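So the structure is just underneath, and the comments pick up after that.
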Amino acid sequence: MAPKVASGWRGPLRAGIDAHRHDDHQIAYAARGVVAVTTDAGSWVAPGNRALWIPAGTVHAHQAHGRLELHLVGLPATENPLGLHRPTVLAVGPLLRELIVAYTRAPEEDSPERSRLRAVLLDQLRASLQQPLHLPTPGTPLLRSLCALLYADPADGRTLAELGRAVGASDRTLSRLFRADLGMAFPQWRTQLRLHHALVLLAEEQPVTAVAHRCGWSSASAFIDVFRRTFGHTPGRAGGPPDQRPAR
Numbered sequence: 001m002a003p004k005v006a007s008g009w010r011g012p013l014r015a016g017i018d019a020h021r022h023d024d025h026q027i028a029y030a031a032r033g034v035v036a037v038t039t040d041a042g043s044w045v046a047p048g049n050r051a052l053w054i055p056a057g058t059v060h061a062h063q064a065h066g067r068l069e070l071h072l073v074g075l076p077a078t079e080n081p082l083g084l085h086r087p088t089v090l091a092v093g094p095l096l097r098e099l100i101v102a103y104t105r106a107p108e109e110d111s112p113e114r115s116r117l118r119a120v121l122l123d124q125l126r127a128s129l130q131q132p133l134h135l136p137t138p139g140t141p142l143l144r145s146l147c148a149l150l151y152a153d154p155a156d157g158r159t160l161a162e163l164g165r166a167v168g169a170s171d172r173t174l175s176r177l178f179r180a181d182l183g184m185a186f187p188q189w190r191t192q193l194r195l196h197h198a199l200v201l202l203a204e205e206q207p208v209t210a211v212a213h214r215c216g217w218s219s220a221s222a223f224i225d226v227f228r229r230t231f232g233h234t235p236g237r238a239g240g241p242p243d244q245r246p247a248r
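Below you can see the structure in the form of structure tokens.
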């Protein structure tokens, strides 16, 4: 069965699609801008060298940031080349990028050429590395209260003990809850939150120095270092086609 395809969708800043589900698996790739997917389990965000795998039947909302150019490839629910059963961020190298763009722009009629293109695309997907860009949603009331403070202001630099006093819990209790509920330590979660927020601001063409300040880094150089180690490129290229926007 051939995949369903939607290609080349361009949206304004902060466009969104409310919670929905689809019967097919979906690959969402933003050739420009940043796309985020949110479920009850958390959020996943993908700049231009990442794609989102969304399994069939997953209730999710889309949020676009920046001037989005979105490419969607649908695969039948019976065909799961990656064996993934929850949303996942995947690395997109130059070849996979061009395959996705070419496939979604090609006519949808069945042809030997299109079948070969699809086969190579699936081979490249199988070789894609999974990326740890999931920001899990807290389930316990205490963590929801604490995380709400940081959602509102990612630059909030209070320690876990100081945040604990604001929500009425010890740092030891909160540290245990972060690991048990979210599967990561508090510093890891806060860094993920700040990176997610940074990608949104960069897609909206905010200067790197301003983004670093608004997201809680002590300097632009510290932010650039974390960003490069996480995404493999400088923050000046976030939200644009890979290798086509200079670092700022």
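Position 242 of the sequence shown, counting from 1, maps to 242 under full-length UniProt numbering, and the rest follow consecutively. For every residue, glycine included, the Cβ atom is placed at its ideal position computed from N, Cα and C. All of these numbers come straight from a predicted model, not from anything done at the bench.
_Separation of Asp110 from Leu82, as counted between CA atoms_ = Between Leu82 and Asp110, the C-alpha separation is close to 24 angstroms.
*Rank Val34, Trp44, Leu68 and Thr191 by C-alpha distance to the C-alpha of His60 and give the top, closest one.*
Trp44
*How many Å lie between Leu95 and Ser115 at the Cα?*
17 angstroms
_Separation of Ser170 from Pro47, as counted between CA atoms_ = The alpha-carbon atoms of Pro47 and Ser170 are separated by roughly 36 angstroms.
_As an exercise, report each continuous alpha helix (DSSP H) stretch of at least 4 residues that is fully enclosed by the stretch 43-114, in chain order._
94-105
*Compute the Euclidean distance between the alpha carbons of Ala152 and Pro107, then round it to the nearest angstrom.*
44 angstroms
_Segment contact flag, the stretch 215-226 with the stretch 192-201, C-beta cutoff 8 angstroms, min 3 pairs_ = yes
*Please classify residue 250: is it buried, with 16 or more other beta-carbons within 10 angstroms of its beta-carbon, or exposed?*
Since the first residue shown for the chain is 1 and the last is 248, residue 250 is missing from the structure and cannot be characterised.
_Element boundaries [beta strand (DSSP E), containing His25]_ = His25 to Thr39
*Below 8 angstroms between beta carbons: does that hold for Gln130 and Thr88?*
yes
*Return helix, strand or coil for Pro136, following the three-state DSSP convention.*
Of the three classes helix, strand and coil, the one that applies to Pro136 here is strand, per DSSP.
*In whole angstroms, what separates the C-alpha of Val120 from that of Ala166?*
53 angstroms
*Looking at C-alpha atoms only, which residue of Trp189, Thr234, Gly74 and Phe186 is the closest neighbour of Thr209?*
Thr234
*Entirely within the UniProt domain "HTH araC/xylS-type" (144-241) and at least 3 residues each: give me those beta strand (DSSP E) ranges in chain order.*
none
_Three-pair Cβ contact test at 8 angstroms for the stretch 124-142 versus the stretch 172-189_ = yes
*Mind checking Leu199: buried by the 16 CB within 10 Å criterion, or exposed?*
buried
*Endpoints, the beta strand (DSSP E) within which His20 is located*: Gly16 to His20
*asked:* I believe Val73 touches Ile54 by the beta-carbon criterion, under 8 angstroms. Please report the beta-carbon distance rounded to the nearest angstrom.
replied: Going by Cβ atoms, the distance from Val73 to Ile54 rounds to 11 angstroms, so no, they are not a contact pair.
*asked:* For Ala161, which residues in the same chain have their Cβ closer than 6 angstroms to its Cβ, ignoring the five residues on either side in sequence?
replied: Asp171
*Compare the C-alpha of Ala41 against each of Leu182, Leu68 and Leu125 and name the closest.*
Leu182
*List the whole-angstrom C-beta distance separating Ala56 from Ala77, where the pair is believed to meet the contact cut-off of C-beta under 8 angstroms.*
4 angstroms
*Name the one or two DSSP bridge partners that Gln130 has.*
For Gln130, the pairing in a beta bridge is given by DSSP as Leu90.
*Hey, how far is the Cα of Leu52 from the Cα of Gln188?*
21 angstroms
*For the putative contact between Thr104 and His71, defined by C-beta atoms under 8 angstroms, what is the C-beta separation to the nearest angstrom?*
Indeed, because the Cβ distance is near 4 angstroms, the residues count as touching under 8 angstroms.
*Pick from Cys147, Ser218, Ser219 and Ala203 that is closest to Gly33, judged by C-alpha positions*: Taking each of Cys147, Ser218, Ser219 and Ala203 in turn and checking the Cα distance to Gly33, the smallest one comes out for Ala203.
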